[in-house]
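Some notes on the structure that comes next.
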Amino acid sequence: MKNDEGEIVDLYIPRKCSWTNKLITAKDHGSVQINIGHLDEINIGHLDESGVYTNSFSTFALCGQVRVKGEADSALDHLWTKKRSEIGHAEDAAPGRKMAKPSKGAADGGAAPGLTQRLIDNSSRVHKKSNALLLTKVAALFTDRTLYGKAIGCFYLVFVELEAALRKAMDADKHSVIYWFVELEAALRKAMDADKRVGALRPTLEPLWRVPAYEKDLEFYLGKDYAEQIPRNAAIQAYVDRCRQLADSQPLLLLAHAFTQHTAGLSGGRVLKKMARKYMQLPEDQGTAIFEFPGGVELKEAFKERLDEVGRGLSEEETQQILDEQIVAFNHNIAIIQAFRVSWADRIKALFKVVPAANWAAALFAILATGVAVAAVIYGSKK
């Protein structure tokens with residue numbers, strides 16, 4: 044319902060989500076809404092998949108995400124204030140329920156969101172694209188140890204370069220770069236020495252170094268000569284060249300790459316580790332070193348806090364350059380994933396390894412039916 048000023052004062056959806064009401068904001072923006080008392084999280088100021096700046100929130104009953112656009116901002120602000128006054132802070136909510144405070148300043152007009160939140164919002168669309176592309180190949184990768192080893196080797200070459208660049212920036216470490224992926228570390232090292240703002244991340248960034256973990260996993264999957272088996276291509280070289288360029292000219296922008304690459308494993312590593320161990324039947328404590336971090340969630344939060352501290356000392360122009368560079372990092376990731384070839388034979392082998400034996404006949408029929416359909420389309424187009 045709306046009050047006399049046209050603000051939404053209550054939003055309702057049944058707990059079981061079997062049906063919804065559609066309410067109208069003061070500016071006639073229709074949205075599916077939920078009862079403010081049933082909110083699990085409220086996140087103010089996120090880019091949706093269409094690039095529209097929105098508010099969003101999700102329900103305690105895990106009914107999915109609901110978005111409110113445009114002029115509905117004030118309505119959510121009103122509801123947020125109202126709900127906070129009713130139940131107090133998140134820890135005062137009902138057991139098991141989490142009330143997530145919106146990005147600092149987004150709902151109350153205070154300070155702008157921190158650099159980490161802006162990076163998260165900035166990469167929303169391209170991150171989804173990258174994940175979707177990865178999912179098209181991940182099943183095959185997790186059913187063939189050699190193929191998986193070659194795949195992670197592609198990003199090893201990048202991390203070598205990135206982490207070398209960061210180290211170089213932090214402390215002018217002149218250690219020689221043996222592999223391209225170590226070059227990432229070299230670029231980061233150089234950045235930490237050349238720019239004190241990058242160097243401020245040293246305590247939380249160094250525990251995130253992945254090159255030694257990559258080398259351990261690569262030796263497990265490909266043997267001691269793993270460097271000779273890693274596929275090289277133009278996409279990898281382009282990313283390596285970018286790291287070297289930034290290390291020499293704009294070390295501050297390496298922060299975008301450090302955030303994008305090093306927090307990826309902290310965010311999704313636990314799930315990927317479980318999948319790798321399950322489908323490749325890995326021996327204990329082998330093959331998943333790149334997903335193992337000292338400190339886990341605490342390390343991730345410490346890194347974000349330190350990055351936000353650095354962000355508060357940046358000009359808006361510098362911040363925007365970092366945000367722009369983050370998209371460059373994701374586009375490099377996408378190019379590398381696209382360039383890594385997974386054959387149809389590998390995909391079919393993966394399908395039969397993942398699908399239970401009892402369903403093999405159905406899987407084979409689906410493959411044959413797809414082949415017939417494709418052949419029919421090709422034949423029809425030639426007539």
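Start counting at 1 in the sequence shown, then tack on 43, and there's your number in the working numbering.
Cβ coordinates follow ideal geometry from the N, Cα and C atoms, glycine included.
Q: Kindly give me the distance between the Cβ atoms of R253 and I333, rounded to whole angstroms, as I take these residues to be in contact under 8 Å.
A: Looking up residue 253 in the sequence shown gives position 210. Looking up residue 333 in the sequence shown gives position 290. Under the criterion of beta carbons closer than 8 Å, R253 and I333 qualify as touching, at roughly 6 Å.
Q) Can you give the Cα-Cα distance for I273 and A194, rounded to whole angstroms? A) In the sequence shown, counting from the first residue as 1, residue 273 sits at position 230. In the sequence shown, counting from the first residue as 1, residue 194 sits at position 151. Per the coordinates, the alpha-carbon of I273 lies some 8 Å from the alpha-carbon of A194.
Q | Completely contained alpha helix (DSSP H) runs for the segment 258 to 303, where each covers 4 or more residues | A | Whole alpha helix (DSSP H) segments, 4+ residues: 269 to 272 and 277 to 292.
Q. Taking just the CA atoms, how far does L325 sit from Y191?
A. Counting from 1 along the sequence shown, the entry for residue 191 is found at position 148. Counting from 1 along the sequence shown, the entry for residue 325 is found at position 282. Y191 and L325 have their alpha carbons spaced roughly 12 Å apart.
Q: Output the distance between the C-alpha atoms of G242 and V353, rounded to the nearest integer angstrom.
A: The residue you call residue 242 lines up with position 199 of the sequence shown. The residue you call residue 353 lines up with position 310 of the sequence shown. If I take the Cα positions, the gap works out to 10 Å.
Q) Mapping DSSP to helix, strand and coil, what is S386? A) Here residue 386 refers to the residue found at position 343 of the sequence shown. Three-state result, S386: coil.
Q.
Cutting at 6 Å between CB atoms, please list the residues of its own chain near G356, excluding the five before and the five after it.
A. What you label residue 356 is simply residue 313 of the sequence shown in a count that begins at 1. Around G356: no qualifying Cβ.
Q | As assigned by DSSP and simplified to three states, the class of E206 | A | To locate residue 206, count along the sequence shown from 1; it is residue 163. Note: E206 maps to helix in three-state DSSP.
Q: Check S166 in the structure and name its three-state DSSP category.
A: As a working note, residue 166 is residue 123 in the sequence shown. Here S166 sits in coil by DSSP.
Q: Starting from R240, follow the alpha helix (DSSP H) in both directions and report where the run begins and ends.
A: By 1-based counting over the sequence shown, the position of residue 240 is 197. K239 to G242 is the extent of the alpha helix (DSSP H) around R240.
Q. What's the gap between the Cα of P250 and the Cα of P294?
A. The count along the sequence shown starts at 1 and reaches residue 250 at position 207. The count along the sequence shown starts at 1 and reaches residue 294 at position 251. Each residue's alpha carbon lies about 20 Å from the other.
Q | Three-state secondary structure (DSSP) of I325 | A | Stepping through the sequence shown from its first residue, residue 325 is reached at position 282. The residue you asked about is not Ile; residue 325 is Leu in the sequence shown. Assignment of L325 by DSSP, reduced to helix, strand and coil, places it in the coil class.
Q) Within the chosen definition, does the segment 371 to 379 reach the segment 296 to 312 through at least 3 CB pairs nearer than 8 Å? A) The segment 371 to 379 vs the segment 296 to 312: in contact.
Q. Can you tell which of G157, I379 and V181 has the C-alpha that lies nearest to the C-alpha of V314?
A. Here residue 314 refers to the residue found at position 271 of the sequence shown. When only C-alpha atoms are compared, the closest one is V181.
(Q) Could you pull the DSSP bridge partners for A230 from this structure? (A) Sequence index remark: in the sequence shown, residue 230 carries index 187 (1-based). Looking at the DSSP assignment, A230 forms a beta bridge with A208.
(Q) Just to confirm, is the Cβ distance from L342 to L309 under 8 Å? (A) Position 299 of the sequence shown, counted from the start, is the residue given in the question as residue 342. Position 266 of the sequence shown, counted from the start, is the residue given in the question as residue 309. Yes, they are a contact pair.
Q | Same chain, Cβ closer than 6 Å to V385, five either side skipped, listed in chain order | A | The residue labelled residue 385 in the question sits at position 342 within the sequence shown. The answer, listed in chain order, is K180 and A183.
Q: Kindly give me the distance between the Cβ atoms of F185 and M318, rounded to whole angstroms, as I take these residues to be in contact under 8 Å.
A: The residue labelled residue 185 in the question sits at position 142 within the sequence shown. The residue labelled residue 318 in the question sits at position 275 within the sequence shown. About 5 Å; that satisfies the 8 Å criterion.
Q) Under a Cβ-count criterion, where at least 16 other Cβ atoms within 10 Å of its own Cβ denotes burial, should R285 be classed as buried or exposed? A) Position 242 of the sequence shown, counting from 1, holds the residue named residue 285. R285 comes out buried.
Q: Label K347 either buried or exposed according to how many other C-beta atoms from any shown protein chain fall within 10 Å of its C-beta, with 16 as the threshold for buried.
A: Indexing the sequence shown from 1 puts residue 347 at position 304. It counts as buried.
(Q) Whole angstroms are fine: how far does the CA of E335 sit from the CA of L263? (A) Working through the sequence shown from its first residue, we reach residue 263 at position 220. Working through the sequence shown from its first residue, we reach residue 335 at position 292. First, the residue type needs correcting, since residue 263 is Phe and not Leu in the sequence shown. Per the coordinates, the alpha-carbon of F263 lies some 15 Å from the alpha-carbon of E335.
Q.
Restricting to Cα atoms, I'd like to know which of H305, R287 and P156 is closest to A345.
A. For the purposes of this step, residue 345 is taken as residue 302 along the sequence shown, with counting starting at 1. By alpha-carbon distance to A345, the top candidate from H305, R287 and P156 is H305.
Q) Does DSSP classify G330 as helix, strand or coil? A) The residue you call residue 330 lines up with position 287 of the sequence shown. Coil.
Q.
Quick check: L176 and I379, are their CB atoms within less than 8 Å of each other?
A. Here the question's residue 176 lines up with position 133 in the sequence shown. Here the question's residue 379 lines up with position 336 in the sequence shown. Note that the C-beta distance between L176 and I379 is not below 8 Å.
(Q) In whole angstroms, give me the CA-to-CA distance for G266 and D260. (A) Here residue 266 is taken as the residue at index 223 of the sequence shown, counted from 1. Here residue 260 is taken as the residue at index 217 of the sequence shown, counted from 1. G266 and D260: Cα-Cα distance of roughly 9 Å.
**Q.** 8 Å CB neighbourhood of H170 in its chain, flanking five on each side removed
**A.** Position 127 of the sequence shown holds residue 170. For H170, where only same-chain residues beyond five positions count, the Cβ hits under 8 Å are F373.
Q) Is the distance from the Cβ of K316 to the Cβ of T331 below 8 Å? A) Taking the first residue of the sequence shown as 1, we reach residue 316 at position 273. Taking the first residue of the sequence shown as 1, we reach residue 331 at position 288. Yes.
Q: Please name the residue in F383, K172 and L248 whose C-alpha comes closest to that of A277.
A: What you label residue 277 is simply residue 234 of the sequence shown in a count that begins at 1. The candidate whose alpha carbon is nearest that of A277 is F383.
(Q) Less than 7 Å between C-beta atoms, sequence neighbours within five positions excluded: which residues of the same chain meet that for Q329? (A) Here residue 329 refers to the residue found at position 286 of the sequence shown. Contacts found: F263.
Q: For P337, I'd like the list of residues in its chain whose CB is within less than 6 Å of its CB, leaving aside the five on either flank, ordered along the chain.
A: Translated into the one-based positions of the sequence shown, residue 337 becomes position 294. Hits under 6 Å: P250.
Q) Going by the beta-carbon positions, is the gap between L296 and Q364 smaller than 8 Å? A) Numbered from 1 along the sequence shown, position 253 holds the residue referred to as residue 296. Numbered from 1 along the sequence shown, position 321 holds the residue referred to as residue 364. Yes, Cβ-Cβ distance for L296 and Q364 is below 8 Å.
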